[in-house]
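Worksheet for the structure shown next.
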Amino acid sequence: MTFDATITVGTILQTLVLAGVVIGAYTRISGRIVSLETKVSLLYDWWAGEMERRGVQRP
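Numbering (the numbering used here), first residue to last: 416 to 474.
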């Protein structure tokens, strides 16, 4: 049980880091300066969508 939870938390963290890198790279490539608040909002929306897709309730 604990092992599964650890994998899940690790996977979520890894996914969030990856999404942050992707969003950061996208904003640099597009040449727009996006505020941290906007990045966090985009990241949360994306993460919530991923969780909904996996059948987890949105917090």
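Positions of the beta carbon are idealized from the N, C-alpha and C atoms, including for glycine.
Straight-line gap, residue i to residue j (C-alpha atoms, nearest Å)
i, j, result
"T423", "D460", "19 Å"
"L428", "A440", "18 Å"
"T430", "G464", "13 Å"
Sequence-distant residues of the same chain with beta carbon closer than 7 Å to residue i, five excluded per side
i, result
"I438", "K454, L457, L458"
"G435", "L458"
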